[in-house]
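Engineer: Read in order, the letters of the sequence shown are residues -18 to -1, 1 to 203 in mature numbering (1 follows the signal peptide of the UniProt record, and there is no 0).
Quick one: the structure is below, questions incoming.
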Amino acid sequence: MISITRNSLLALALGALAACGGTTVPLPAPGGNAYPGDNLLSSGGAGRLSLREIQTVGERLAPGYNAAGVTTKAAVPVSGRANYLGYVSGNMQAANLNSGQPVGLNGLTELGVDFGSQRVGGTVGNFVTSSGNQIAGNLNIDGTLNRSINRSQVTILGDVNGTINGGTIGVDGTITDNQGRAGGFKGNSAQYIGLPMRGAINANGRPGTFALDGVLGRTSR
């Protein structure tokens, strides 16, 4: 599972970038916050983030993300690498979970983006339910940048899969939302990523679904 210290939250993204190869190349962002993924939590303490701390990450990222416009295709780099860090929120549902009612999920997510090879890799983890219960395990993100599907913007496509809750819940999904829209960049120089995830779960042999929406900010590391 994602296990972090509060004073090294940003180190999460380095692992994803290593999977893409190389170290990050800071990207210029004229106007606005160049690195909204930095300083998402105050330093101090150690261990997993609590539900409230995950919510704090969201409170610090969401205003800038919501205010930012979609990054134009020309403004998305074609070389270099960058790390992104953020949060996810959503739910999972199966007949044998929570009496069939949706289980609210919150967590952290990190991505490494290699603009040259158009590869994206990362994880989702540090899951906490809306009632504060921890769920162990990570989901893996394996994706690509697509510059041809949409005439005006770069699209993030990929798979999201893994096992959580001690291996009792398998997850198999893709980067998409309920309307079939994939992930993408926001901000005048791709400072943010929106990462919707949808798919199926297998909860101890019973089928179900999951839906997560991620918001990430670029970091300076």
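Note that beta-carbon positions come from the ideal geometry of N, C-alpha and C, so glycine has one too.
1. Which one of Leu31, Ser99, Ile151 and Ile138 has the shortest CA to CA distance from Thr53?
2. Roughly how many angstroms separate the alpha carbons of Ser(-16) and Ser32, rounded to a whole number?
3. Could you give the first and the last residue of the continuous alpha helix (DSSP H) run that contains Tyr47?
4. Checking the sheet assignment: what are the DSSP bridge partners for Ser81?
5. Residues in the same chain with beta-carbon distance under 8 Å from Leu43, minus the five sequence neighbours each way, listed in chain order, please.
6. Say whether the segment 91 to 100 touches the segment 110 to 120, bearing in mind that this needs 3 or more beta-carbon pairs closer than 8 Å, one atom from each stretch.
7. Taking the beta strand (DSSP E) that Pro178 falls in, what are its first and last residues?
8. Would you kindly report the start and end of the unbroken beta strand (DSSP E) that includes Gly166?
9. Give the range of the beta strand (DSSP E) segment to which Val110 is assigned.
10. Which residues does DSSP pair with Thr191 in a beta bridge?
11. Taking 8 Å as the cut-off, does the segment 186 to 193 touch the segment 163 to 174 (at least 3 CB pairs, one atom from each stretch)?
Structural biologist: According to the structure shown:
1. For the purposes of this step, residue 53 is identified with residue 71 of the sequence shown, where counting begins at 1. Cα-wise, what sits closest to Thr53 is Ile138.
2. For the purposes of this step, residue -16 is taken as the residue at position 3 of the sequence shown. For the purposes of this step, residue 32 is taken as the residue at position 50 of the sequence shown. With a pLDDT of 36 at Ser(-16), under the threshold of 50, the predicted position of this residue should be treated as unreliable, and no value is reported.
3. The residue given as residue 47 occupies position 65 in the sequence shown. Where Tyr47 is concerned, the enclosing alpha helix (DSSP H) stretches over Leu33 to Ala49.
4. Sequence index remark: in the sequence shown, residue 81 carries index 99 (1-based). None, per the DSSP bridge assignment.
5. Numbered from 1 along the sequence shown, position 61 holds the residue referred to as residue 43. Cβ within range, chain order: Pro18, Gly19, Leu22, Gly68, Tyr69, Tyr174, Val197, Leu198 and Gly199.
6. no
7. Along the sequence shown, read from residue 1 onward, the residue named residue 178 stands at position 196. That run of the beta strand (DSSP E) goes Tyr174 to Ala185.
8. Sequence index remark: in the sequence shown, residue 166 carries index 184 (1-based). Taken as a continuous stretch (DSSP letters only), the beta strand (DSSP E) holding Gly166 covers Gly165 to Lys168.
9. Here residue 110 corresponds to residue number 128 of the sequence shown, with the count starting at 1. Val110 -> beta strand (DSSP E) spans Arg101 to Thr111.
10. Here residue 191 refers to the residue found at position 209 of the sequence shown. Beta-bridge pairing links Thr191 to Gln75 and Ala182.
11. no
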